[in-house]
Amino acid sequence: MKIISTVDELKNYLKGVDGSIGFVPTMGALHDGHLSLIKKAKEQNSFVVVSIFVNPTQFLAGEDLDQYPRKDEADKKICQLAGVDVVFFPTPDEIYSVDEVSLQAPHIRGYVLEGMTRPGHFSGVLTVVNKLLNIVNPTRAYFGKKDAQQLNLITLMVKQLFMDVEIVPVDTVRESDGLALSSRNVYLTKEQRAEALKISSSLYEASKMVSQGILDVSKIKEEMLKILEGLEIGYVEILNRNFEVIKEVEVTQSIVLVEVLIGETRLLDNIWL
Ligand code: PAF
11 MKIISTVDEL
21 KNYLKGVDGS
31 IGFVPTMGAL
41 HDGHLSLIKK
51 AKEQNSFVVV
61 SIFVNPTQFL
71 AGEDLDQYPR
81 KDEADKKICQ
91 LAGVDVVFFP
101 TPDEIYSVDE
111 VSLQAPHIRG
121 YVLEGMTRPG
131 HFSGVLTVVN
141 KLLNIVNPTR
151 AYFGKKDAQQ
161 LNLITLMVKQ
171 LFMDVEIVPV
181 DTVRESDGLA
191 LSSRNVYLTK
201 EQRAEALKIS
211 SSLYEASKMV
221 SQGILDVSKI
231 KEEMLKILEG
241 LEIGYVEILN
251 RNFEVIKEVE
261 VTQSIVLVEV
271 LIGETRLLDN
281 IWL
């Protein structure tokens, strides 16, 4: 496995690669969720690149940029064991310069849900993903369904900017008790982690109701809110796959999304129905 930290070196190295390139962008602190992205990338491509870059522009002032878990050595080992071909490990100065051309998240879809509580976050995500895709020029890039709004906006960016890459969504990986894997789970105390299980329980309840034929969005939300009682809720929404408001769940076309704040930790989860 090769570890590369400059854009020029990576671009030159990738010129010599034959066949398809699968790309997994990450912010490190790798867990089984990332491993499932890497596994899928390996299944579908002859060569796999993983980037590890804690992107400063997607953190708002006062957020956890400085505290964000960094596990560089462990991450490199995980990538090696997972059979990654290249890890791209740039510094912020390698990716950003002064007086940047900027990419804005769309004014509606980028500023609802997580974009409402974190205005500007998705502009930072799209900017860095655009840069990384331009650097790696992959055949396919892999993103978790857990960050459903991010996945939706990246898919939109690739379409609207006529970019030549296939965006591959990958299912959320959960602990055996239902908690969705996230690098931010390390912030949770034992008690907070137990409270966080209400999130997946509320999503399972939504799924159960839909399987019983209850499709009314406000009824489902009402039951979910009962389960989430006691938590600070960012949002509980049931939308179609284009992130538009619906009154009734359309089976195979809908998504239920939850964001809660536990202590200082913002947790997101969703279920695709
Ligand atoms: O999902 C993430 O880890 C990040 O938002 C991403 C896509 C790597 C961009 O920094």
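Under the numbering used here, the first residue of the sequence shown is numbered 11, with each subsequent residue one higher. Glycine included, each C-beta is placed from N, C-alpha and C at the ideal position. Just so it is clear, the structure is predicted and the values come from calculations on it, not from any experiment.
Query                                                                                                                : Result
Three-way DSSP call (helix, strand, coil) for S211 in this model                                                     : helix
Q159: CB within 7 angstroms of a non-hydrogen atom of ligand 1                                                       : no
Exposed unless 16 or more other CB atoms sit within 10 angstroms - verdict on S212                                   : buried
Test item: CB-CB of L283 and V266 under 8 angstroms                                                                  : yes
Buried versus exposed, by CB contacts within 10 Å (16 or more), T182                                                 : buried
Which of helix, strand or coil DSSP assigns to E197                                                                  : Note that residue 197 corresponds to Tyr in the displayed sequence, not to Glu. Correct three-state label for Y197: helix.
For V108 and Q263, the rounded distance between their alpha carbons                                                  : 42 angstroms
Any non-hydrogen atom of ligand 1 closer than 7 angstroms to Q77 Cβ                                                  : no
First and last residue of the uninterrupted beta strand (DSSP E) at T275                                             : 275-282
Outcome for K159 when other beta-carbon atoms lying within 10 angstroms are tallied against a minimum of 16          : Reading off the sequence shown, one finds Gln at residue 159, where the question assumed Lys. By the 10 Å Cβ count, Q159 comes out buried.
C-beta contact flag for G43 and K156 at 8 angstroms                                                                  : yes
CB-CB length for F153 against I177, believed under 8 angstroms                                                       : 6 angstroms
Length of the line joining the Cα atoms of K141 and E124                                                             : 22 angstroms
Other residues of its chain near I48: CB distance less than 7 angstroms, five sequence neighbours each side excluded : V34, V58, V60, A92, V94
Same chain, Cβ closer than 7 angstroms to L198, neighbours up to 5 away in sequence not counted                      : A206, I272, T275
Reference V17; option with closest CA among M11, L161, F63                                                           : F63
Rounded separation between K169 and S210 - CA only                                                                   : 31 angstroms
Host beta strand (DSSP E) of L40 (start-end)                                                                         : L40 -> no beta strand (DSSP E), and no H or E assigned at all.
Alpha-carbon spacing of K208 relative to E215, whole angstroms                                                       : 10 angstroms
Between the CA atoms of G240 and Q202 - distance to the nearest angstrom                                             : 11 angstroms
8 angstroms contact criterion, which L20 and I145 should meet: CB distance rounded                                   : 6 angstroms
C-beta atoms of M4 and V220 nearer than 8 angstroms                                                                  : What is shown of the chain runs 11 to 283, which leaves residue 4 out entirely.
CA-to-CA distance, F172 to T149, given in whole angstroms                                                            : 14 angstroms
beta-carbon V97 near ligand 1 non-hydrogen atom, thresh 7 angstroms                                                  : no
Bridge-paired residues (DSSP) for A190                                                                               : R184
Where the alpha helix (DSSP H) containing L20 begins and where it ends                                               : 17-25
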